[in-house]
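Numbering of the sequence shown is given in UniProt numbering, commencing with residue 1 and proceeding in unit increments.
Beta carbons are placed, not taken as given, at the ideal position from N, Cα and C, and that holds for glycine.
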Amino acid sequence: MEYNFREIESKWQQKWNEDNVYRVPNRSDRPKYYVLDMFPYPSGAGLHVGHPLGYIASDIFARYKRLKGFNVLHPMGYDAFGLPAEQYALEHGVHPATSTEQNIRNFRNQLDKIGFSYDWSREVNTSEPNYYKWTQWIFLKLFKSWYNRKTAKAEPIEGLVQIFETEGNANHPIPNSQFQINNYPHVTFTSEAWKSFDEKTQQTILMEYRIAYCGYGEVNWCEALGTVLANDEVINGVSERGGFPVVKKKLRQWYLRITEYADRLLEGLQKVEFSEAMKDMQSNWIGKSSGAEIDFEISGQQSTGNKLRVYTTRPDTIFGVDFMVVAPEHELVEQITTPEQKVAVEEYIAYVKSRSERERMAEKKISGVFTGAYALNPFDGRQIPVWISEYVLAGYGTGAIMAVPCGDERDFKFAQHFHIPITNIIGDAFNGQEANPTKDALLENSGFINGMVMRDAMEIVINKLEEMAIGKKKINFKMRDAAFSRQRYWGEPFPIVWKDGIAYPLNESELPLELPYVESYGPGPEGEGPLANIPEWTSRGLETNTMPGYAGSSWYFLRYMDPNNQNEFCSKEASDYWNQVDLYVGGTEHAVGHLLYSRLWTKVLFDLGYISFDEPYRKLLNQGKIGGDSRIIYRIRGTHKFVSAGLKDQYETDELHADVGMIDGFELDTEAFKKWRPDYADAEFILENGKYICGSRLEKMSKRYFNVVNPDDIVERYGADTFRMYEMFLGPIDQDKPWDTKGIEGVHRFLKKLWRLFADEEKGLIVTDDKATAAELKVLHRTIKKIEEDTERFSFNTTVSAFMVCVNELNDLKCHKKEVLESLLILLAPYAPHVSEELWHLLGHDTYILDAAFPKFESKHLVETAKEYPISINGKMRTQLVLDLNATQQEVEEIVLGNAVVQKWVEGKQPKKIIYVKGKMVNIVV
Numbered sequence: 001m002e003y004n005f006r007e008i009e010s011k012w013q014q015k016w017n018e019d020n021v022y023r024v025p026n027r028s029d030r031p032k033y034y035v036l037d038m039f040p041y042p043s044g045a046g047l048h049v050g051h052p053l054g055y056i057a058s059d060i061f062a063r064y065k066r067l068k069g070f071n072v073l074h075p076m077g078y079d080a081f082g083l084p085a086e087q088y089a090l091e092h093g094v095h096p097a098t099s100t101e102q103n104i105r106n107f108r109n110q111l112d113k114i115g116f117s118y119d120w121s122r123e124v125n126t127s128e129p130n131y132y133k134w135t136q137w138i139f140l141k142l143f144k145s146w147y148n149r150k151t152a153k154a155e156p157i158e159g160l161v162q163i164f165e166t167e168g169n170a171n172h173p174i175p176n177s178q179f180q181i182n183n184y185p186h187v188t189f190t191s192e193a194w195k196s197f198d199e200k201t202q203q204t205i206l207m208e209y210r211i212a213y214c215g216y217g218e219v220n221w222c223e224a225l226g227t228v229l230a231n232d233e234v235i236n237g238v239s240e241r242g243g244f245p246v247v248k249k250k251l252r253q254w255y256l257r258i259t260e261y262a263d264r265l266l267e268g269l270q271k272v273e274f275s276e277a278m279k280d281m282q283s284n285w286i287g288k289s290s291g292a293e294i295d296f297e298i299s300g301q302q303s304t305g306n307k308l309r310v311y312t313t314r315p316d317t318i319f320g321v322d323f324m325v326v327a328p329e330h331e332l333v334e335q336i337t338t339p340e341q342k343v344a345v346e347e348y349i350a351y352v353k354s355r356s357e358r359e360r361m362a363e364k365k366i367s368g369v370f371t372g373a374y375a376l377n378p379f380d381g382r383q384i385p386v387w388i389s390e391y392v393l394a395g396y397g398t399g400a401i402m403a404v405p406c407g408d409e410r411d412f413k414f415a416q417h418f419h420i421p422i423t424n425i426i427g428d429a430f431n432g433q434e435a436n437p438t439k440d441a442l443l444e445n446s447g448f449i450n451g452m453v454m455r456d457a458m459e460i461v462i463n464k465l466e467e468m469a470i471g472k473k474k475i476n477f478k479m480r481d482a483a484f485s486r487q488r489y490w491g492e493p494f495p496i497v498w499k500d501g502i503a504y505p506l507n508e509s510e511l512p513l514e515l516p517y518v519e520s521y522g523p524g525p526e527g528e529g530p531l532a533n534i535p536e537w538t539s540r541g542l543e544t545n546t547m548p549g550y551a552g553s554s555w556y557f558l559r560y561m562d563p564n565n566q567n568e569f570c571s572k573e574a575s576d577y578w579n580q581v582d583l584y585v586g587g588t589e590h591a592v593g594h595l596l597y598s599r600l601w602t603k604v605l606f607d608l609g610y611i612s613f614d615e616p617y618r619k620l621l622n623q624g625k626i627g628g629d630s631r632i633i634y635r636i637r638g639t640h641k642f643v644s645a646g647l648k649d650q651y652e653t654d655e656l657h658a659d660v661g662m663i664d665g666f667e668l669d670t671e672a673f674k675k676w677r678p679d680y681a682d683a684e685f686i687l688e689n690g691k692y693i694c695g696s697r698l699e700k701m702s703k704r705y706f707n708v709v710n711p712d713d714i715v716e717r718y719g720a721d722t723f724r725m726y727e728m729f730l731g732p733i734d735q736d737k738p739w740d741t742k743g744i745e746g747v748h749r750f751l752k753k754l755w756r757l758f759a760d761e762e763k764g765l766i767v768t769d770d771k772a773t774a775a776e777l778k779v780l781h782r783t784i785k786k787i788e789e790d791t792e793r794f795s796f797n798t799t800v801s802a803f804m805v806c807v808n809e810l811n812d813l814k815c816h817k818k819e820v821l822e823s824l825l826i827l828l829a830p831y832a833p834h835v836s837e838e839l840w841h842l843l844g845h846d847t848y849i850l851d852a853a854f855p856k857f858e859s860k861h862l863v864e865t866a867k868e869y870p871i872s873i874n875g876k877m878r879t880q881l882v883l884d885l886n887a888t889q890q891e892v893e894e895i896v897l898g899n900a901v902v903q904k905w906v907e908g909k910q911p912k913k914i915i916y917v918k919g920k921m922v923n924i925v926v
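As C-alpha cells, then:
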C-alpha cells in the first residue's frame with residue numbers, strides 16, 4: 001500500500017465537495033470563530049506560489065479552530081471590479097465581464113487543488129449585480145447621512161434638515177470653513193435664511209455635510225489617452241503607458257468624508273490586535289496634529305480683502321517667519337500675483353501641473369517662484385514675501401505655510417536657495433548675532449513668551465491670536481477625504497441622477513442600477529467616464545463616474561455572513577452572531593487604503609444601527625511575501641554569445657533574466673533556452689566544466705522576471721499536502737522569504753515516512769491496537785503541546801519541524817499503535833488534510849477527521865520516570881543503562897550486575913561496593 005498522493009487528494013476533494021463538509025450554519029451550539037482572507041482580484045495570470053501563503057495560514061487556523069470545537073466561518077470570493085480587470089480586458093480584446101468570469105473559474109480551480117476549507121456556498125463576486133446592489137445601497141446610506149460632531153456619529157440627513165429649519169447651522173458649522181455659494185459665504189445661517197434658500201442652494205449646502213459627497217478635485221488628465229490616470233500611472237509628468245503628457249485637471253469627483261472619523265479611527269486602533277507597525281502606518285496616514293490656524297493680511301495693491309490662512313503646529317514661532325509658501329493650486333495665487341511676476345508664476349504652475357502628487361512629495365530638488373505679494377506679520381507688521389512651491393500641497397492643511405528657516409531644515413534650505421534673508425529667531429531663541437533694529441523689534445514683540453516652555457508659549461500665542469480675532473486653536477489631520485469615483489467603465493454605477501446640478505438618489509427599489517453592457521468602451525468627453533458616451537445613460541441624467549475598486553471590498557466581510565439574503569445586505573441576526581472577524585489575514589500593501597475604508601464603512605453602519613460593532617477586524621495577521629529566486633544569464637555585449645557565470649568577469653556582458661523553468665538548480669538547459677524565443681535560436685554558449693551556470697537574484701515573484709512558479713505544477717509533482725506544509729516550513733509567516741523548489745523534497749519525504757508508520761507497501765495497514773509505551777506517549781504529548789502552542793501563535797514553520805521530529809522519533813521506537821497515531825493524524829489534519837483524512841478512514845472511522853476533537857495534552861506523560869545512567873567499573877565508564885528513577889538500591893544492583901557488559905568487566909569478582917547516586921551515576925568497585 002503506497003502513498004499515492006494524486007489519487008488520495010483528488011478523491012477527498014471530491015468527497016468534501018459532495019458532502020458539503022465545510023458548509024457552516026449561521027447558528028450553532030458551538031462558539032463562533034470567523035477567519036477571513038483578504039479576497040483576491042482574479043487576474044488572468046492566475047496564482048503563483050506566493051499568493052497562497054496567507055490562504056494556507058488561514059486555512060490551517062480555521063481547521064484547527066474547528067477541531068477545538070468552534071463553528072468556523074471561512075469564506076472566499078473575488079474583488080472583481082476595478083482598473084486591473086479593465087486593463088486586462090482591453091489588452092486581450094475581450095469584455096471585462098467575460099475575462100473576469102474566465103479568471104474566476106481558473107482561480108477557483110487552482111484554489112480547490114490546494115484543498116482549502118472554504119464554504120463555497122457563501123462565495124461573493126463584487127461585479128455581480130446581486131452583490132453590488134448592496135454596495136449601491138450602502139452608498140445611499142452614506143449619501144443620506146451626515147456626521148454630527150455633537151454626538152460624534154453619523155446620523156440621517158433628515159435630522160440635519162430639521163435642525164436647520166429650527167435653529168440654522170450655528171451649532172453645526174459647515175465642515176469646509178471656506179465654503180462659499182454664489183460668491184456669498186454661507187458659513188453660518190439662521191433658520192429663516194435656510195427656509196429662504198431655493199432647493200438648489202439647500203442641496204448644495206447639504207452636500208457639504210453628507211458623508212458621501214460630490215465636489216471638485218484635481219486629477220491626472222492625459223489628453224492623448226483621453227483618460228484620468230492614477231498617481232502611480234504617471235512618471236515624470238508623462239503617462240507610464242505611451243509616455244504622453246499628463247496635466248492636472250479639475251473634475252467633479254465623489255468623496256467619502258473620512259476626515260470626520262479621524263479621531264474614532266485612531267481610538268479604534270487601541271481596541272484591535274494589529275501589529276504595532278500596522279498601527280503606526282495607519283496613525284501616520286491619519287496624521288493628527290495640534291496647532292493653530294492664523295490669518296495673514298495681504299499688503300499693498302495685491303490685497304483683495306481675503307486673508308492668507310495657514311495652519312501651523314508651532315504658532316509660537318510666528319516671530320521668526322521670514323516667508324510664506326503657498327501651494328501652486330491655491331485659490332489666492334492668481335489674485336495676489338503681481339503683474340511683474342505673472343509670467344514666471346504661470347510658467348511654474350504649468351510645470352507643477354505635469355507632476356504627480358507622489359513625485360512632488362518625494363522631490364528633493366528645491367523649486368518655487370515669488371508671487372510678488374507680501375503678507376503682514378500680525379504682531380510686528382513686517383512684510384513677509386509670499387512664494388509658491390510644489391512641496392506645499394493644496395489638500396494638506398490650508399494649502400499654505402508660514403516658513404521659519406531658523407527652526408525648520410526644509411525652510412532653511414529653501415531660504416538659502418532663493419537668498420531670502422533669515423531672521424534667526426524663534427520666540428526667545430536667538431543665534432548670538434549682534435542686535436539690530438529688526439531683531440530689537442522682534443524681541444520687544446516676542447517678549448511675552450520669553451523664557452517659557454514651548455507648550456506654554458504656544459498656548460499664550462494662540463490666546464493672543466484669538467483675542468485679535470485672527471487665529472484659533474485647531475486640530476488638524478494629514479489624511480484627506482477619500483476620493484470615491486473613477487472615470488472608468490468596469491465599476492459599480494452610482495445610484496445618482498443629476499437634475500439641474502442637483503444630485504438625487506435613486507429609490508432603493510430601483511437597485512441594482514446595473515452597469516450597461518457595451519461591446520467596446522472608451523473615455524468620455526473632457527475627462528468623464530465611458531458611461532458618458534452612452535445616450536441611454538446620459539439621457540436619464542445618471543452619474544457617469546463609477547465607484548473605485550475598494551467600494552466592494554469595504555464591506556464584503558459582512559456579505560459573507562448572509563450572502564443569499566435578497567432583502568438586506570446582511571441580517572441583524574447574522575451580523576450579531578458572526579460579529580467581528582476574529583482573524584483577518586492579508587498583506588501589508590493594504591495597510592492604509594482598504595483597512596481604513598473598511599473601518600470607516602463599518603463605523604457608519606454601526607452608527608446607523610445596522611450592525612452592533614464598529615471595528616470590522618479583531619485581529620490582523622500580515623503574511624510576508626515569497627520572493628522569486630531569479631536566474632540571470634550573461635550575454636556578451638553586441639553578440640549572441642552567452643557566458644557562464646564563473647567566466648563572465650572576462651567579458652563585457654549584459655544581464656538578462658531566464659525562465660526558471662529551463663533551469664535545474666543553476667544549470668541552464670541550453671537547448672530549451674534556444675527554443676524559448678526566436679531571437680535566441682542561434683545562441684552560442686561559453687561553458688564552464690561543460691555546463692552553463694546561471695547567476696541568481698532574490699526578487700519579487702513576477703512574470704516580468706520569469707521567476708514565477710505555478711502552484712499547479714508543484715501540486716501535480718508533489719501533492720497539495722506537501723505544498724501546504726512546505727509553504728509554512730519556509731519561515732515565519734510574517735516575514736519575507738525566498739522560494740526554492742529543491743527544498744520541497746524534504747517535506748515530501750516526511751509525508752512518505754509518516755505513511756510508513758501506518759502502512760507497508762506489501763503488508764498493507766500495519767497499525768495495531770497494542771497499548772502505547774511511556775516513551776511513545778511522551779513523544780505524542782510533547783508534540784500535542786508544541787503543535788497547540790505554536791499554532792495558537794501562528795508559528796507554523798516550527799509546527800512543521802515538530803511534526804518531523806515526532807515522526808522520526810516514532811519511527812525509531814517502531815511505533816505503529818493506533819492509540820498514538822490516531823491523535824497524531826488529528827494534529828496533522830489542519831496542515832496536511834488529504835493524507836490525514838485518508839489514514840483516518842483507513843483506521844476505521846466513518847466520520848470526517850475535522851469532526852474529531854483536538855487531542856488533550858496530559859502533562860503526566862512528560863514527567864521523567866526513567867533515566868539513562870553511565871555505568872562505571874572502578875571509575876571508568878563501560879556502558880549505559882536506562883533505570884527507573886524510583887528504583888531502590890537493591891533493585892539497581894540486581895539490574896546492573898545482571899548486565900552482560902558489566903559481567904564482562906567484573907570478571908566474576910565479588911564487588912566490594914556499588915555506589916548509586918540517584919539521577920546521576922552508578923560506580924562498581926571491585
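Hey, out of the options, whose CA is closest to residue i's CA?
i      : options                        : result
Gly719 : Cys570, Phe189, Gly115         : Gly115
Tyr556 : Gln580, Val187, Ser43          : Gln580
Ala645 : Ala350, Gln623, Ile693         : Ile693
Ala403 : Pro315, Ala350, Lys353, Pro328 : Pro315
Going by DSSP, what residue range makes up the beta strand (DSSP E) through residue i?
i      : result
Met921 : 921–925
Ile915 : 913–917
His657 : 653–658
Ile475 : 471–477
State yes or no: is the C-beta of residue i within less than 8 Å of the C-beta of residue j?
i           : j      : result
Asn46       : Gln110 : Just to set this straight, residue 46 is Gly in the shown sequence, not Asn. The answer is yes: Cβ separation under 8 Å.
residue 932 : Ser575 : With the chain covering 1 to 926 only, the question about residue 932 has no answer from this structure.
Tyr311      : Gly291 : yes
Leu656      : Arg635 : yes
residue 979 : Phe673 : Residue 979 is absent from the structure shown; the chain starts at 1 and stops at 926.
Tyr255      : Asp481 : yes
His781      : Leu885 : no
Met278      : Asn533 : no
By the 10 Å Cβ neighbour count, where 16 or more other Cβ atoms means buried, how is residue i classified, buried or exposed?
i      : result
Met662 : buried
Lys474 : buried
Met547 : buried
Tyr147 : buried
Glu267 : exposed
Would you list the one or two residues that DSSP bridges to residue i?
i           : result
Trp387      : Val325, Phe370
Cys214      : Trp254
Ile157      : DSSP lists no partner for Ile157.
Glu688      : Lys691
Asn899      : Note: Asn899 sits in no beta bridge, so no partner.
Met877      : Ser872
Gly628      : Glu699
Arg486      : Thr546
residue 932 : Nothing in the structure corresponds to residue 932, since the chain is present only between 1 and 926.
residue 931 : Nothing can be reported for residue 931: it is not among the residues displayed for the chain, which extend from 1 to 926.
So residue i is in the alpha helix (DSSP H); what residue range does that whole segment cover?
i      : result
Arg756 : 744–758
Val779 : 774–792
Arg149 : Arg149 -> no alpha helix (DSSP H), and no H or E assigned at all.
Gly268 : 262–268
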